[in-house]
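**Student:** If you read the sequences in order, they're chains A and B. Our numbering applies: residue 3 is where the first sequence begins, and numbers increase by one. Our numbering applies: residue -3 is where the second sequence begins, and numbers increase by one.
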Amino acid sequence: MSQTVLLVIVLALLVAQGVTGFLLWKARRDGGAATDSDSGVLQALRRMADGDLTASAESTGPATAAIAEQLNAALARQRELVSDLRAPFEGLTTELHRLARNSHGHSETSAGMGRQLEEVKSALVREMQAAEDMGSISKQAREAMGRHRQLVSRGQTLATDMARASSDVRESMQETSKSAKRQGELIQSVTTAAEYIQSLNTRISVVAINTRIEAERAGEHGRPFLGIAEAIGDLLREAEEEGRKITSEVRMLQNLSAENLNSLEHTVGAVVTILDFVERIDAALEDINHGAAHLLDQVDSLGNTTQQSAETVRRLNGLLGEVREQNRALREGAEATQQGINALQQTLSKLGRNLARLRVDQTGSALNV
Amino acid sequence: MGGAFTALRALHERHARGGPTFPSPPAGEPVWSGAAIGIAGVPLVIAHRDVETITALPPLTRIPGTGNRVLGVAAYQGDLLPVFCGDTLFGQRLSPGRRREYCLVICQPGLHVGLTLSQVGGNVTLPLSQRSADMPLQGLLAACCDGGFRRGDEFLGLLDSGLLMASGVLGDTSAQPADPVEDAVP
């Protein structure tokens, strides 16, 4: 807007100079050679043509007095106009300088923004790669979790089989324990029988002794009883020997049976302990399975989140491309603006130099630009 | 009686033909024969001539006022037989474990008693070379044994019914001490 006003003013000044020149040309043509009274007007016109607006036309002639008066009035209006032109021109220059600085700053900002956008793009590319890596890791973790759950399931199956086998072993041990107790009862029965045989041996011993006593008491007639007593004694010794063997072996059998029974009881206790351990292992595997399922859910959630993040990064990358395009357009616009401002500054500088040729006071030029 | 002798003779003839022969000791080695018994857990031997019989312990009837070494009196072959507890009499203790099943009947002039046994070992024949006059036994058994036999590490005391009768222990059956407890009459 201010540029338009300035151009209008400049055009007005040029038109005024043209009018003044025309009037001067007309006066010379109408009057022929200039007189002394016209010299003041001519001198003023010459100074005015040189740009000195401080000139003053003086004429005593009747024909030129009005021209001098009109000329002086025109010069005064021109001086006033030029003086009034100073402040807007200086403001326009200042604004143009400020606009140039701002445009330069915008261009620098746009360039910096472009660099930052490049860095953001690199970061987004890395982020996308990281998201893809995370997705791959999540997939691998999911597969590992699946294998882990299969292993835990196999462990649970084994624990169940082991518990069943231990239970079978326990029942078998209990049956064996019952059999061993029955065996102990049989051994006790055999022991009782052996003791009864021992008692019979004692009774036979008594019979042998009494036979021997009676035989000796019968004297010569009792000699056959001596043989009988001796034979009974021999049989008795054999019976006692066998009885001792039987008793000894039965006692060994009793000890072995007791040891076996004790061992069976220990084994049953160990099997019960194993069952307890198996139950604990089963519970631990169940906990591990629950934990693995929860972890698998977490991995799935992480995979989904990673996928969403990758998608978001892709969208951000697309938006970033658009922003880069816009920034590039802005930078080009800023550069065009800068060029326009430079051209305008050159125009203003040229205009300033032209205006500086106009003197409006005795001290110097009209505009110091 | 004739029938009995006839039966014995027939038995003698039958055993003389096919029965076991009468054992004869090795020539030149004198032996001693008797019965192996045990009283109060102590292994002993006794000559057959000192024993009337060994019998199962018959039902006993306690005799009031007698000491615990007297188990009671039993009806034995038409007579009364006092039965002494061998464990209490010789071991100075009650019989451990189960009730004794057999008793030794000793019949000597003026003595007809039964004595419970802790063991009946049967007839035994021992070489006289194992006869020993040492007496490792203690107490009443040492007084009633006439030496014994050494069979390996085992000592078999030879119970003598004469020494047993002479000890007088079977004649005191009272539960009260032998000495009078009443105050002397002034």
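Cβ coordinates follow ideal geometry from the N, Cα and C atoms, glycine included.
Would A241 of chain A pass as a contact of A231 of chain A if the rule is Cβ separation under 8 Å?
**Tutor:** no
**Student:** Can you tell me the Cα-Cα spacing of S303 of chain A and S311 of chain A, whole angstroms?
**Tutor:** 12 Å
**Student:** My output table needs one value for V371 of chain A: the three-state DSSP class, helix, strand or coil.
**Tutor:** Note that V371 of chain A scores 48 on pLDDT, short of 50, meaning its location in the model is unreliable and no value can be drawn from it.
**Student:** I need the DSSP call for S128 of chain B, collapsed to helix, strand or coil.
**Tutor:** strand
**Student:** Assuming P60 of chain B contacts A71 of chain B (C-beta within less than 8 Å), just tell me the rounded distance between them.
**Tutor:** Wrong, their Cβ atoms sit about 18 Å apart, outside the cutoff.
**Student:** Find out if the Cβ-Cβ distance for the pair L94 of chain A, I343 of chain A is shorter than 8 Å.
**Tutor:** no
**Student:** Quick one: what's got a C-beta closer than 8 Å to F80 of chain B's C-beta in the same chain, skipping five residues either side?
**Tutor:** Contacts found: R65, V66, L67, V109, G110, L111, T112, L166.
**Student:** Could you name the residues of the stretch 89 to 119 of chain B whose beta carbon sits closer than 7 Å to any beta carbon of chain A, in the order they occur along the chain?
**Tutor:** Residues of the stretch 89 to 119 of chain B with a C-beta less than 7 Å from any C-beta of chain A: Y98, V116, G117, G118, N119, listed in chain order.
**Student:** Measuring CB to CB, does V38 of chain B end up less than 8 Å from L133 of chain B?
**Tutor:** yes
**Student:** Would DSSP call R128 of chain A helix, strand or coil?
**Tutor:** For R128 of chain A, the three-state secondary structure derived from DSSP is helix.
**Student:** Taking 6 Å as the limit between beta carbons, can you name the residues of its chain near H108 of chain A, skipping five residues before and five after?
**Tutor:** A336
**Student:** What do you get for R96 of chain B, buried or exposed, if any count of 16 or more other CB atoms within 10 angstroms of its CB means buried?
**Tutor:** buried
**Student:** In whole angstroms, give me the CA-to-CA distance for V122 of chain A and N329 of chain A.
**Tutor:** 14 Å
**Student:** Can you tell me whether V21 of chain A is buried or exposed, with buried defined as 16 or more other CB within 10 angstroms of its CB?
**Tutor:** exposed
**Student:** Measure from the alpha carbon of P64 of chain A to the alpha carbon of each residue in A:V192, A:N306, A:V43, then state which is nearest.
**Tutor:** Minimum Cα distance to P64 of chain A is reached at A:V43.
**Student:** I'd like to know if the stretch 203 to 216 of chain A and the stretch 264 to 279 of chain A are in contact, where contact means that at least 3 CB-CB pairs between them fall below 8 Å.
**Tutor:** By the criterion of at least three beta-carbon pairs nearer than 8 Å, the stretch 203 to 216 of chain A is not in contact with the stretch 264 to 279 of chain A.
**Student:** Please name the residue or residues paired with T49 of chain B in a DSSP beta bridge.
**Tutor:** B:V101
**Student:** Using the Cα positions of T66 of chain A and H99 of chain A, report the straight-line distance between them to the nearest angstrom.
**Tutor:** Straight-line Cα distance between these residues: approximately 47 Å.
**Student:** Take the Cβ of V10 of chain A as the centre, count every other Cβ of all protein chains shown within 10 Å, and call the residue buried at 16 or more, exposed below.
**Tutor:** exposed
**Student:** Against L40 of chain B, what residues of chain A qualify as contacts under a CB-to-CB distance less than 7 Å, listed in chain order?
**Tutor:** Here the premise fails: no neighbours, minimum Cβ distance about 13 Å.
**Student:** Mapping DSSP to helix, strand and coil, what is Q73 of chain B?
**Tutor:** coil
**Student:** Shortest alpha-carbon distance to T194 of chain A belongs to which of A:V252, A:E82, A:F24?
**Tutor:** A:V252
**Student:** Would R24 of chain A be called buried (16 or more neighbouring beta carbons within 10 Å of its own) or exposed?
**Tutor:** For the record, residue 24 of chain A in the displayed sequence is Phe; it is not Arg. Per the 10 Å Cβ criterion, exposed.
**Student:** Got a sec? Which residues, its chain only, sit under 7 Å from S157 of chain B by beta carbon, not counting five neighbours each side?
**Tutor:** D46, I102, Q104
**Student:** So, for G(-1) of chain B: in the same chain, excluding its five sequence neighbours on each side, which residues have a beta-carbon less than 7 Å away from its beta-carbon?
**Tutor:** So no residue of the chain qualifies.
**Student:** When the cut-off is 8 Å and only beta carbons count, does I35 of chain B lie next to chain A?
**Tutor:** no
**Student:** Alpha carbon to alpha carbon, how far is L55 of chain A from Q348 of chain A?
**Tutor:** 25 Å
**Student:** Would you mind sorting D83 of chain B into buried or exposed? The rule is 16 or more other CB atoms within 10 Å of its CB.
**Tutor:** buried
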